[in-house]
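Protein chains in written order, with this note's numbering: chain A, 130 to 387; chain B, 21 to 325.
Backbone N, C-alpha and C define an ideal beta-carbon position, used for all residues, glycine too.
To start, the structure itself, in structure tokens.
Take a look at the structure:
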């Protein structure tokens, strides 16, 4: 069984973001980077599937971006992937979901992966398109937003998360692609021995030009910081004062303090 | 400009989000037609053409079959934009259509400015305006971003559509998450815990404050996903939508999905160390503090009232 997990490195969303000099993306200075949260679930599910199948299973993780995305790949290797593929691209932030999907599909097309996992979206761009587009390009079915996954003899039963606490149960045969929602599983923390082992694992580099053959479908005119609509009161200071002030406001503005 | 709106229908019911698409088409100044896999018993109130497929035949969730139906309608209608809700149905189906027709897609539109579409990035801390490069395009529209000024009205001209196509996915059925003992929608005060609580033990701080205020405690998605509390306490678009008299968001940054579930609360207090957290925009009061230190102090004050 051949498995592919596609991951992206994104900034910590708690960061303070600034627009870059080009005006179409955020500046990557002073940011802490991590694996896209949705992709952590994709990697974990892929590793669990690999473990279910023992030595016959082989898991590749792929990431597109500059040199620093190797950190995310190493994390996936430490979690249990067999090999990393770094598609080296300093301009990946300028590429739209269609281009990114084309790059992944160009890599995957002659490798007959049985299962492909992606996050359901990235935390920074959030288009929720790439996984579905990749499946379309590879001609395999896509199941999106999964919160449960069970593989049994080539048939997958997955649960998709809908709105308002509802799920739908879907069956599909491999090969297929799954986009992973938060809460699908509990991503493991890499242990020190596994981090050490990961250093010896294969980490291939592919130049993006070898895989990138299409043009963007959209153009970004600008990125900007939205105007704050805050009409609210901001309270800062010493804890006891803060609590007194808040109680006063709640007494005045609400009816819940009796 | 011509827009083809893709309505939503689930568990035998037309979803209200369908009317948000109608509102969006008005905002665009577009002539609109509607596509729906639904039923004759639930016809949307709308003046215009309605292409209706029968959900009993095409299935409520069967994206490959829905895609096929939609491609036929698109070929006939030749819209400039095919518009979906940015929902579990829309973000699933939209890229399939975009991919099949090689159309540009812009996801989660919240505004239109000079012909470009405005979308959020980085948990809504940033926005981008995006222009499709293809002559027509596929759009998904953020839930709640557009709404009709009045009640929906009108009678569509219905044209039935069908296909014999089969998809690779087999829809087995729906599963409802057990609601269990707590009903957050009935609580007057909800104190909710977010990622900022840091560890499961700190949930007790939140529960105690809720108790001291005679309310219930809730949680944001990451707290539930981590297994720190039950799903029946989750507030947000995939959990419960609540509108209490007072909502206290503790260590919740305010993702779009969380905001969708609580922004109708009468009074909102956010406790957060990050002054720029998106929740601040919706809060009547933002207390800039570490909840782990502030919440116990507030709980004592509440007990002594």
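| Item | Value |
| --- | --- |
| If residue 53 of chain B and residue 68 of chain B are in contact, beta carbons under 8 Å, what's the gap, nearest whole angstrom? | 6 Å |
| Within the 9 Å Cβ cut-off, does residue 225 of chain B reach chain A? | no |
| Listed in chain order, which residues of the segment 191 to 205 of chain B have Cβ atoms closer than 8 Å to some Cβ of chain A? | 191, 192, 193, 194, 195, 196, 197, 199 |
| Quick one: complete alpha helix (DSSP H) runs, 4+ long, within the segment 208 to 285 of chain B? | 223 to 232, 241 to 245, 276 to 282 |
| When you check each C-beta in the segment 132 to 162 of chain A against every C-beta of chain B, which residues fall closer than 7 Å? | 142, 143, 145, 146, 155 |
| Just how far apart, CA to CA, sit residue 89 of chain B and residue 41 of chain B? | 19 Å |
| Is residue 197 of chain B helix, strand or coil when you go by DSSP? | coil |
| What does residue 181 of chain A reach in chain B if we use C-beta pairs closer than 9 Å? | Per Cβ cutoff of 9 Å: no residues; residue 181 of chain A is ~21 Å from chain B at best. |
| State yes or no: is the beta carbon of residue 372 of chain A nearer than 9 Å to at least one beta carbon in chain B? | yes |
| Where residue 384 of chain A and residue 214 of chain A are concerned, what is the direct C-alpha to C-alpha distance, given to the nearest angstrom? | 58 Å |
| Quick check on DSSP: helix, strand or coil for residue 242 of chain A? | coil |
| Against chain B, which members of the segment 273 to 300 of chain A pass a CB distance test of less than 8 Å? | 273, 274, 286, 288, 289, 290, 291, 292, 293, 294, 295, 296, 297, 298, 299, 300 |
| So which of B:209, B:230, B:245, B:210 has the shortest CA-CA distance to residue 220 of chain B? | B:245 |
| What residues from chain B crowd round residue 352 of chain A, counting only those whose CB sits closer than 9 Å? | 141, 146, 147, 148, 149 |
| Of all Cβ atoms in chain A, is any one closer than 9 Å to the Cβ of residue 167 of chain B? | no |
| Hey, residue 114 of chain B and residue 72 of chain B: beta-carbon distance below 9 Å or not? | no |
| I'd like to check one pair, residue 276 of chain B with residue 290 of chain B: are the Cβ atoms closer than 9 Å? | no |
| Select from the segment 301 to 325 of chain B all residues with a C-beta closer than 7 Å to any C-beta belonging to chain A, and list them in chain order. | 301, 303, 304, 305, 306, 307, 308, 309, 313, 314, 317, 318, 321, 325 |
| For residue 363 of chain A, does the count of other Cβ atoms within 10 angstroms reach 16, so buried, or fall short, so exposed? | exposed |
| Between the C-alpha atoms of residue 150 of chain B and residue 229 of chain B, what's the straight-line distance to the nearest angstrom? | 44 Å |
| Quick one: does residue 111 of chain B have its CB under 9 Å from some CB of chain A? | yes |
| How far does the beta strand (DSSP E) with residue 171 of chain B in it reach, from first residue to last? | Counting along the chain, residue 171 of chain B falls outside any beta strand (DSSP E), and DSSP gives it neither H nor E. |
| How would you list, in chain order, the residues of chain A whose beta-carbon sits under 8 Å from the beta-carbon of residue 90 of chain B? | None at all; the shortest Cβ gap to chain A is about 14 Å. |
| When DSSP labels each residue in this structure, what does residue 21 of chain B get in the three-state scheme? | coil |
| Give, in chain order, every unbroken run of the beta strand (DSSP E) that is at least 3 residues long and sits entirely within the segment 111 to 189 of chain B. | 124 to 129, 131 to 133, 136 to 141, 146 to 152, 157 to 161, 177 to 180 |
| Would you list the residues sitting across from residue 100 of chain A in a DSSP beta bridge? | Nothing in the structure corresponds to residue 100 of chain A, since chain A is present only between 130 and 387. |
| Name the residues in the segment 246 to 260 of chain A whose C-beta lies less than 9 Å from a C-beta of chain B; which are they? | 249, 250, 252, 253, 254, 255, 256, 257, 258, 259, 260 |
| Rounded to whole angstroms, what is the Cα-Cα separation between residue 240 of chain B and residue 280 of chain B? | 12 Å |
| Any idea what DSSP makes of residue 292 of chain B, helix, strand or coil? | strand |
| Out of curiosity, what's the CA-to-CA distance linking residue 47 of chain B and residue 106 of chain B? | 17 Å |
| Secondary structure at residue 290 of chain A, three-state DSSP: helix, strand or coil? | strand |
| Using alpha carbons as the reference points, say which of B:31, B:284, B:270, B:324 lies closest to residue 306 of chain B. | B:270 |
| In this structure, does DSSP put residue 401 of chain A in helix, strand or coil? | This structure cannot settle anything about residue 401 of chain A, because the visible part of chain A is limited to 130 through 387. |
| Any beta carbon of chain A sitting closer than 9 Å to that of residue 237 of chain B? | no |
| Name the chain A residues whose beta carbon is nearer than 8 Å to that of residue 296 of chain B? | 145 |
| Can you pull the DSSP bridge partners for residue 162 of chain A? | A:140 |
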